[in-house]
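J.: Structure incoming, see below.
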Amino acid sequence: MSDALNIHDQLKFKSKISFTSESCLNYIRRQHSNEVILTLIIPVEILVKWNKIIKSKKLSVSFVDLLYISQGLPGCCLKPEATDRIERRLKELCSVASKSCVGISGNNRVKKLKQVKKLAIHRHEVEDPNELPRRIASLEEEKAKLQEQVDSLEAKCESLVEEVLEFTQDRRRITELEQSVENVNDENEALQAYIQTLLERDCCKHCDSTNANKGLTYDSVSKTQKQRKLKELKTNAEKSLWFLETFGLKLDSLSLIALDGEKVNLQYNGSQKSAYQFLSDEDKDRVKSVVYIMDKFCVSDAAYHEFSMIDQEGLVRSYLIKQCKHALNKLYTITRTPGEWPGAQLSFTAELKHQISKQIEQLGEQMPSTQKVKISGDGAKMSRVTNFVVLSFSLLSEGEKVMSAKGVHPVGILSGKEDYSVLQTAGKDLFQEINELIAAGKIN
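See below:
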């Protein structure tokens, strides 16, 4: 019902749908079964609006629904089998009306919108009031039969629910028994492992020469082979340091340095140290370079993941790419602009502080104590129906740099027409920050 009311609010026009029966002669209506009993006279303005509502797909309505909502059929009700023809006819009329209004404006468009289209309604397409009681009685009988079927199905459902409950209880019991068996097996495996550990300790097998490296050194193998050697080294080191537990200590990590200077850190506490935040500065710069190339050439995460699976040695892992993007997103807080127009905005105060801080680093003591800030708003027409409005500011103390793109610092962009009402709504947050700074007269 609320959707219908919203559509009704959108269909308020100066012109309305009217109807007439003058195009149908009496003797013709008596001779033909598909006689025209009503001719709808629909203004082009309404047809164009209907076409926009249907194409927007915001509401799941048909042209016939819009006809009812617009009160185009007073006192009439269409038969279900007749709606297909009227739906097709209305679709054709709306399409023709919309195409006829493309590329015209001013008085020509006003005249075009005042023109009308006619739609004939046949007698066999309208419900007969005398047949309604009989149809209602038939539907009541059908409803009673369906109710009996529903009652029967509900009884069957109750029986099935009871069976499902019994089955669920049996299944839960089986699961508990399986879990008990699994726990017993785990305890047996733990005891066997403990016995094996005692045997190895007593026999001093951890001092065996089999732990020594029999292949190439760590710095002379590929990245994949390095991972394998680290796994082997991690296991052998843990065996060799078995005595730590006798002192009440537990191995947490092992720090190593390769012959080529590469730092290696082995973790034993189960924590993940291969995340982006734990990488070295050199590795982070490498990941950032890959992210820059992906953004520049519009390479998706899914496509890069497939590449990384093919070349597992040379390419950066895809999860590091995602973590790097997440870390970069934290540098700036981007929010949506208010209103119905799509757009994004930065904090004006934070961006101004950032630019002033950069000037302080460059100028030092020569930095002026008073800053003059220029607020700008510019619109750009990207296509026939697409406009963008960019809000930005410049520091006049930057001199000639203000006239270049480097001296303009955008703080907001939105897709909408360059209009005062649009800017008043979409730039509300930015203007509020600007007014607060003007009132304060300073920035901390």
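The opening position of the sequence shown corresponds to residue 1 in the UniProt record's numbering, with each subsequent residue numbered one higher.
Glycine is no exception: its CB is placed at the ideal position from the N, C-alpha and C atoms.
Values in this document were obtained by computation on a predicted structure and should not be read as measured data.
(1) Is aspartate 419 helix, strand or coil when you go by DSSP?
(2) What residues in its chain sit with their C-beta under 7 Å from that of isoleucine 438, if we drop five residues either side in the sequence?
(3) Is lysine 428 buried or exposed, if buried means 16 or more other CB atoms sit within 10 Å of its CB?
(4) Starting from serine 100, trace the alpha helix (DSSP H) both ways and give me its first and last residue.
(5) Considering isoleucine 42, what are the terminal residues of the beta strand (DSSP E) in which it resides?
(6) Just curious, the beta strand (DSSP E) that lysine 263 is in, first and last residue?
(7) Would you say the stretch 248–268 touches the stretch 215–223, given that touching needs at least three Cβ pairs under 8 Å?
(8) DSSP state of isoleucine 375, grouped into three classes?
(9) Across which residues does DSSP place isoleucine 413 in a beta bridge pair?
(10) Please classify lysine 79 as buried or exposed, where buried requires at least 16 other C-beta atoms within 10 Å of its C-beta.
(11) When you compare the CB positions of phenylalanine 388 and serine 415, do they come within less than 8 Å of one another, or not?
(12) To the nearest angstrom, report how far apart arginine 135 and serine 159 are at their CA atoms.
(13) Within 10 angstroms of its Cβ, does lysine 49 collect 16 or more other Cβ (buried), or is it exposed?
(14) Is the beta carbon of isoleucine 46 less than 8 Å from the beta carbon of serine 70?
(15) Starting from threonine 246, follow its DSSP beta bridges and name the residues at the other end.
(16) Would you tell me roughly how many angstroms separate the C-alpha atoms of glutamine 227 and tyrosine 319, rounded to the nearest one?
(17) Using 8 Å as the threshold, is the stretch 59–68 in touch with the stretch 82–102, meaning 3 or more CB pairs across them?
(18) When you compare the stretch 402–416 with the stretch 371–387, are there three or more beta-carbon pairs, one atom per stretch, that lie closer than 8 Å?
T.: The answer reads as follows:
(1) coil
(2) none
(3) Its Cβ having fewer than 16 others within 10 Å, lysine 428 is exposed.
(4) 83–100
(5) 36–43
(6) 263–267
(7) yes
(8) strand
(9) Ala344 and Val390
(10) exposed
(11) yes
(12) 36 Å
(13) buried
(14) yes
(15) Answer is none; threonine 246 lacks a bridge partner.
(16) 17 Å
(17) yes
(18) With a cut-off of 8 Å, the stretch 371–387 and the stretch 402–416 count as touching, because enough Cβ pairs lie within range.
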